[in-house]
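*Asks:* Residue numbers (this note's numbering): 85 to 294. Below you will find the structure I want to go over with you.
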Amino acid sequence: MTATTAEPTLSTAAARDLKVREAFLDDTKNHRLTIVRDDGVYRHLYYGAPGTGWGSFNVITTPGALTVYGDTGTYVFERLDDMFEFFRGKRGINPHYWGEKMTASSDFKEHSVDAVMEFLDDTVTDWLDENADADDAWKQDLQDAVAQELACYADDDSELRRAIDQFQFGDCRFYDVWENDFTVYTHRFLWALWGIVTVIAQYDEQKAGS
Numbered sequence: 085m086t087a088t089t090a091e092p093t094l095s096t097a098a099a100r101d102l103k104v105r106e107a108f109l110d111d112t113k114n115h116r117l118t119i120v121r122d123d124g125v126y127r128h129l130y131y132g133a134p135g136t137g138w139g140s141f142n143v144i145t146t147p148g149a150l151t152v153y154g155d156t157g158t159y160v161f162e163r164l165d166d167m168f169e170f171f172r173g174k175r176g177i178n179p180h181y182w183g184e185k186m187t188a189s190s191d192f193k194e195h196s197v198d199a200v201m202e203f204l205d206d207t208v209t210d211w212l213d214e215n216a217d218a219d220d221a222w223k224q225d226l227q228d229a230v231a232q233e234l235a236c237y238a239d240d241d242s243e244l245r246r247a248i249d250q251f252q253f254g255d256c257r258f259y260d261v262w263e264n265d266f267t268v269y270t271h272r273f274l275w276a277l278w279g280i281v282t283v284i285a286q287y288d289e290q291k292a293g294s
């Protein structure tokens, strides 16, 4: 018998990051980088398609800060004197860590039904594992109760948390309801992060070739 190795699977967040990257590459396939200003850490870069402003955005750096604005929304990051060094050379994006360095922004997180359903599915799986000896009818009743009493509120954060707090099925109940995070980074924020790393990479290529 030949041993097989399971293919590694991406986390839900990582898969979403890559999905947004695909959208970004498609949205910007005709974009060109224009260096408006390049004076030390004072930079103004414009990324857009000739003849249209759709999907265009600007990246501006000043000592200690980087601002991206345009169709991306507006996000300001502060960490290093030259913020290109903070984002430079990254093969992917790091929304959580980079988000911690934001000092001003458009909305960058939103309620996610997918996050809610993943949480409920994971919790039910844990309960079923803990009650492996229970009969099939009990297991089905548990899953039905979660679906009927909780899943119906998946798109309403406050009602969902109230329902979760009040839910009980036998010994199965939720704790620390308000510590659960049912938000994800917005598509626009992830798109902006891909924009930053792309613009910096193209800027470096232009500088190396000049």
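Yeah, the Cβ is synthetic: ideal placement off N, Cα and C, and Gly gets one too.
Under the rule that 16 or more other beta-carbon atoms within 10 Å means buried, what is Thr88, buried or exposed?
*Replies:* Within the sequence shown, residue 88 is the residue found at index 4, counting from 1. Note on Thr88: pLDDT 40, under 50, position unreliable in the model; the coordinate value appears next. So Thr88 counts as exposed.
*Asks:* Rounding to the nearest angstrom, what Cα-Cα distance links Ser175 and Ala98 in this structure?
*Replies:* Residue mapping note: residue 175 aligns to position 91 of the sequence shown, counting from 1. Residue mapping note: residue 98 aligns to position 14 of the sequence shown, counting from 1. Looking at the sequence itself, residue 175 is Arg, so the reference to Ser does not match. The straight-line gap from Cα to Cα measures roughly 13 Å.
*Asks:* Counting only the same chain and skipping the five closest in sequence on each side, list residues whose C-beta sits under 7 Å from that of Asp165.
*Replies:* Start at 1 with the first residue of the sequence shown, and residue 165 comes out as number 81. Sequence-distant partners of Asp165 (beyond 5 residues in either direction) whose C-beta falls short of 7 Å from its own C-beta, in its chain, are Val125, Pro147 and Gly148.
*Asks:* Comparing alpha-carbon positions, which option in Asn178, Ala238 and Tyr259 lies nearest Glu202?
*Replies:* As a first step, residue 202 is located in the sequence shown; it is residue number 118 there, counting from the start. Of the listed residues, the one whose Cα sits closest to Glu202 is Ala238.
*Asks:* Tell me which residues share the same chain as His128 and place their Cβ nearer than 7 Å to its Cβ, disregarding the 5 neighbours each side in the sequence.
*Replies:* Walking along the sequence shown from the start, residue 128 turns up at place 44. Within the same chain, Cβ atoms closer than 7 Å to the Cβ of His128 are found at Val120, Arg121, Asn142 and Ile144, the five residues on either side in sequence being excluded.
*Asks:* Does the distance from the C-beta atom of Phe192 to that of Tyr159 stay below 8 Å?
*Replies:* By one-based count along the sequence shown, residue 192 stands at place 108. By one-based count along the sequence shown, residue 159 stands at place 75. Yes, Cβ-Cβ distance for Phe192 and Tyr159 is below 8 Å.
*Asks:* Would you kindly check if the distance between the Cβ of Thr118 and the Cβ of Tyr130 is under 8 Å?
*Replies:* In the sequence shown, residue 130 corresponds to position 46, counting from 1. In the sequence shown, residue 118 corresponds to position 34, counting from 1. Going by C-beta atoms, Tyr130 is nearer than 8 Å to Thr118.
*Asks:* Can you tell me whether DSSP reads Ser196 as helix, strand or coil?
*Replies:* Residue 196 sits at position 112 when you count from the first residue of the sequence shown. DSSP places Ser196 in coil when its eight states are reduced to three.
*Asks:* Enumerated in chain order, which unbroken segments of the alpha helix (DSSP H) with a length of 4 residues or greater are wholly contained in the stretch 167-216?
*Replies:* 167-171, 179-184 and 197-214
*Asks:* Decide yes or no for the touch test of the stretch 212-231 against the stretch 167-186: beta carbon pairs closer than 8 Å, at least 3 of them.
*Replies:* Inter-segment contact for the stretch 212-231 and the stretch 167-186 is absent: fewer than three beta-carbon pairs are separated by less than 8 Å.
*Asks:* Closer than 8 Å by C-beta to Ala188: which residues in its own chain qualify, once you throw out the five before and the five after it? Chain order, please.
*Replies:* For the purposes of this step, residue 188 is identified with residue 104 of the sequence shown, where counting begins at 1. Here Ala188 has Thr158, Tyr159 and Val160 as same chain residues with Cβ atoms under 8 Å from its own Cβ, once five neighbours each way along the sequence are excluded.
*Asks:* Considering Cα atoms alone, identify which of Pro134, Trp138 and Thr151 is closest to Val281.
*Replies:* Taking the sequence shown and counting its residues from 1, one reaches residue 281 at position 197. Nearest of Pro134, Trp138 and Thr151 to Val281, Cα basis: Thr151.
*Asks:* Could you tell me which of Gly132, Trp182, Ser196 and Glu106 sits nearest to Leu267, measuring between CA atoms?
*Replies:* Taking the sequence shown and counting its residues from 1, one reaches residue 267 at position 183. Correcting the residue type first, residue 267 is Thr in the shown sequence and not Leu. Measuring from the Cα of Thr267, the nearest candidate turns out to be Ser196.
*Asks:* Rounded to the nearest angstrom, what separates Thr93 and Asp198 at their Cα positions?
*Replies:* By 1-based counting over the sequence shown, the position of residue 93 is 9. By 1-based counting over the sequence shown, the position of residue 198 is 114. In this prediction, Thr93 scores a pLDDT of 49, lower than 50, which makes its location untrustworthy; the coordinate-derived value is nonetheless stated afterwards. For Thr93 and Asp198, the distance between alpha carbons rounds to 18 Å.
*Asks:* With DSSP as the reference, identify every bridge partner of Arg121, one or two as the case may be.
*Replies:* By one-based count along the sequence shown, residue 121 stands at place 37. DSSP, once it has assigned bridges, lists His128 as partnering Arg121.
*Asks:* For Arg105, I'd like the list of residues in its chain whose CB is within less than 7 Å of its CB, leaving aside the five on either flank, ordered along the chain.
*Replies:* By 1-based counting over the sequence shown, the position of residue 105 is 21. Excluding residues within five positions, the ones whose Cβ falls inside 7 Å are Trp278.
*Asks:* Compare the beta carbon distance of Ala247 and Thr156 with 8 Å and say whether it is the shorter of the two.
*Replies:* Mapped onto the sequence shown, residue 247 falls at position 163. Mapped onto the sequence shown, residue 156 falls at position 72. No, the Cβ-Cβ distance between Ala247 and Thr156 is not below 8 Å.
*Asks:* Can you round the beta-carbon distance between Val208 and Leu226 to whole angstroms, since I take them to be within the 8 Å contact cut?
*Replies:* Your numbering for residue 208 matches position 124 in the sequence shown. Your numbering for residue 226 matches position 142 in the sequence shown. Correct: roughly 7 Å between the Cβ atoms.
*Asks:* Cβ atoms of Ala229 and Phe258: under 8 Å apart, would you say?
*Replies:* The residue given as residue 258 occupies position 174 in the sequence shown. The residue given as residue 229 occupies position 145 in the sequence shown. Between Phe258 and Ala229, the C-beta gap is not smaller than 8 Å, which leaves the two residues out of contact.
*Asks:* Identify, in the order they occur along the chain, each residue of the same chain with its Cβ nearer than 6 Å to the Cβ of Phe273, setting aside the five sequence neighbours on each side.
*Replies:* The count along the sequence shown starts at 1 and reaches residue 273 at position 189. Once the five neighbours on either side are set aside, the close Cβ partners of Phe273 are Phe192.
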